[in-house]
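Below is one structure, written out as structure tokens; the observations come after it.
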Amino acid sequence: MKIDKHSKIYIAGHQGLAGSAIVRELQRQGYANLVWRSHAELDLEDAAATLQFFQQQRPDIVFLAAAKVGGIHANNSYPVDFLMSNLLIETNVCRAAYAANVKRLIFLGSSCIYPRDCPQPIKEDYLLTGALEPTNRAYALAKIAGIEMCWSYNRQYGTRWLAAMPTNLYGQGDNYDLNNSHVLPALVRKIHEAKMAAAAEVVLWGSGTPKREFLYVDDLANALVFLAALDEPRYHALTQAEQCPLINVGTGEDLTIRTLADMIAEVIGYSGRFVQDTSKPDGTPRKVLDVSRIRQLGWAARMPLKTGIQLTYQAFADSWA
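Pasting the structure below:
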């Protein structure tokens, strides 16, 4: 079954960073039969409510972008919350999607599923080949379980579900809470506030030397719709029961956190200095994805990082004015 403009598409997590971008991309491409529910309308941690929703709506395609997410501090402080919430969401949505005969499901994971010290760039085959980063292990294990769930349904029931693993995301609709956000939006807020206060310095967590890859969220959305709309032979090759249905989504390029901070400061116009608080954790030393598999299918990221930061900062400044 190939996705078309009339396919009924459910976007789980449509109000989040990734989910809202998926909605924008689907609408941009002319998909009009879209379904979503807010958390207040549908709690995906409620198995009965989730099953009832799927039975009533019977979507053809599902983008599973609903998740509990956060940065190092949040993951390290609330591991039970991250593990439990994500396991419940994945379990309930997958069970309901199978019962409603969903044709294609795209599960959105995270690059933190890969071992902390695995070779770089990270290939899909490196999954479960080493120990995870301790600061977000609970979240990573929940996402690994989601990948295994997709593969298990494909093997046992013949479903056609795919797990897409994006690198670090940023862009319109991001979370700028300093305790719970990811590194790029946290830096945007810190540096913006330092500029507004004419502060002489900004304290950065860790050594500044870890390297990270960043993907503009609208590029991610374009990739996910691209994957969901693949012709039958290529989609089948990704979701055949004999192999783990896993594909990386990123730019394939990385930079140090300190270089990122310098770039954000340039965009914002902050001229103060940075001080590294090395008592704070660095997390994984380096994390850049091997994106050769998705590039071979014909997709590549388009947004340059500095341009993406400029757009992100504009959206942030407008919302915080």
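Numbering of the sequence shown is given in the working numbering, commencing with residue 190 and proceeding in unit increments. All C-beta atoms in this analysis are idealised placements derived from N, C-alpha and C, irrespective of residue type, glycine included.
Among I211, I333, G319, I498, which residue has its Cα nearest to the Cα of I436?
The residue with the shortest Cα to Cα distance from I436 is I333.
Of the residues P268, L233, G360, Y424, which one's Cα is nearest the Cα of R293?
Nearest of P268, L233, G360, Y424 to R293, Cα basis: Y424.
Taking the alpha helix (DSSP H) that L330 falls in, what are its first and last residues?
Note, L330: alpha helix (DSSP H), 326–346.
By alpha-carbon positions, which one of I295, H195, I198, I192 ends up nearest to V438?
Per the Cα distances, I295.
Confirm, please, whether the CB-CB distance from I198 to I250 is below 8 Å.
Taking 8 Å as the Cβ cut-off, I250 and I198 qualify as a contacting pair.
Given 8 Å as the limit, is there contact between the region 438–458 and the region 479–493, that is, 3 or more CB pairs closer than that?
Judged by Cβ distances under 8 Å, the region 438–458 makes contact with the region 479–493, as three or more pairs qualify.
Considering only C-alpha positions, which residue in the set A254, S460, A412, S396 is nearest to G205?
Comparing Cα positions, the closest option is A254.
Going by beta carbon distance, what residues of the same chain come within less than 8 Å of G319, once the five residues before and after it are set aside?
Excluding residues within five positions, the ones whose Cβ falls inside 8 Å are P304, R305, D306, C307.
Which first and last residues belong to the beta strand (DSSP E) in which N357 is found?
Residues 357–359.
Rounded C-beta distance between Y405 and M338? I'm assuming under 8 Å.
Actually they do not touch by this definition, with Cβ atoms about 28 Å apart.
Please classify G347 as buried or exposed, where buried requires at least 16 other C-beta atoms within 10 Å of its C-beta.
That one is exposed.
How should T496 be labelled, buried or exposed, when 16 other C-beta atoms within 10 angstroms of its C-beta is the threshold for buried?
T496 should be labelled exposed.
Write down the C-beta distance between A289 and Q244 rounded to the nearest angstrom, noting that I regard them as a contact closer than 8 Å.
Yes, they are in contact, since the Cβ atoms of A289 and Q244 sit about 6 Å apart, within 8 Å.
Does N369 come out as helix, strand or coil in the three-state DSSP assignment?
If DSSP states are grouped into helix, strand and coil, N369 belongs with coil.
Which residue spans inside the region 235–277 form an unbroken alpha helix (DSSP H) run of at least 4?
You should have 236–246, 261–266.
Look at L376 and I261 and say whether their C-beta atoms are less than 8 Å apart.
Not closer than 8 Å, so no.
First and last residue of the alpha helix (DSSP H) that includes D507?
From DSSP, the alpha helix (DSSP H) with D507 extends over 494–509.
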